[in-house]
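Written below as structure tokens is the structure these notes are about.
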Amino acid sequence: RTVRLLSPLHSRPFHLRRSFITLPDTSPQTLTAARRLPYNHSQLYDIIADVDSYVRFLPYCKVSRVTRWTPTPDSNNRRWPTQADLTAGWGGFEETYTSRLFCVPSLGIVEAISGDARTEIPPSELQKQGLSDPGPGSGGGGDGVFKSLVTRWTVQPAEGATRADNRSQHDWSDVRLSIKYQFANPLYMAVSSAVADKVAPIMVEAFVEQAKRVL
72 RTVRLLSPLH SRPFHLRRSF ITLPDTSPQT LTAARRLPYN HSQLYDIIAD
122 VDSYVRFLPY CKVSRVTRWT PTPDSNNRRW PTQADLTAGW GGFEETYTSR
172 LFCVPSLGIV EAISGDARTE IPPSELQKQG LSDPGPGSGG GGDGVFKSLV
222 TRWTVQPAEG ATRADNRSQH DWSDVRLSIK YQFANPLYMA VSSAVADKVA
272 PIMVEAFVEQ AKRVL
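For the sequence shown, our numbering gives the first residue as 72, with consecutive numbering after it.
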């Protein structure tokens, strides 16, 4: 790319100027939301792990397509997604990227990672699923809106919860969504700040509605 100077470098003396516009920094940000739902955690986990279906019910998801799966089935004869092409749009921006996926049913975690981020799931838990984190560079990134993006869903049986009809507490589950992101440019942060806090709750509500439809 060629940069064109508006005037010769020697045309005027150099003066330091104080900027009166302060842009927000691009340090990592975290959004969270959680709900307790009257459904079995395994059933809810299956909905979250069905990444191909995201485009049908998550409002900020424009495209969701699994491109890679675990090479061998697990003890339940189940193969899990390990890579997907996703397009997400919110706050006036739209980003298409390849995400590394980590499905760890024993922890109730479904995690999508792109850019410079790495998973915080313990390596020992990844190995149980035949997984490993290839690290940054293997799941998109580059010159996009996000320098890094980690979306983690966690589903676990609710403790001490009982239904009105006295069914087992295992019919209740706690669902938590955490979105950790870092913008590549402070301008993106400035423009999106008005809607950022709404993203996680809206996504969780969309998931709740999907659970009502299919369970």
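Think of the CB as a built atom: it goes at the ideal place given N, C-alpha and C, for glycine as much as any other residue.
- Distances from the alpha-carbon of V246 to those of A229, A267, G186 put A229 closest.
- The alpha-carbon separation between E165 and T158 amounts to approximately 7 Å.
- At a Cβ-Cβ threshold of 7 Å, P130 and W140 do not count as neighbours.
- Taking a cut-off of 8 Å for Cβ pairs, the segment 187-201 and the segment 219-228 touch, as three or more such pairs fall below it.
- Contact between the segment 108-116 and the segment 141-150 is not established, with fewer than three Cβ pairs separated by less than 8 Å.
- In this structure, F254 is the residue among P194, G179, M274, F254 with its C-alpha nearest to the C-alpha of S98.
- Counting along the chain, P228 sits inside the beta strand (DSSP E) bounded by residues 217-228.
- When only Cα atoms are considered, D268 and L102 end up about 7 Å apart.
- A155 sits away from V275, with the two beta carbons spaced by 7 Å or more.
- Per DSSP, the continuous beta strand (DSSP E) segment holding A183 begins and ends at 180-186.
- Cβ neighbours of T138 within its own chain (closer than 7 Å, five residues either side excluded): Q154, A155, D156.
- Residues Y131, K133, E166 of the same chain have their beta carbon placed closer than 8 Å to that of G160, with the five preceding and five following residues left out of the count.
- Between Q200 and V181, the C-beta spacing is not below 7 Å.
- Out of I184, L178, P205, D242, the CA that lies nearest to the CA of S170 is found in I184.
- Of the residues assessed, V285 falls on the exposed side of the cut-off, its CB having fewer than 16 other CB atoms within 10 angstroms.
- Contact between A277 and F128 is confirmed by a C-beta separation of about 5 Å, below the 8 Å threshold.
- For the set I273, G179, K218, S203, the Cα lying nearest the Cα of Y252 is the one of K218.
- About 31 Å separates the Cβ atoms of V216 and L108, ruling out a contact at the 8 Å cut-off.
- Minimum Cα-Cα distance from V126 among the listed residues Y168, R136, P194 corresponds to R136.
- Residue range 125-128 is occupied by the alpha helix (DSSP H) that includes V126, with no beta strand (DSSP E) assigned at that position.
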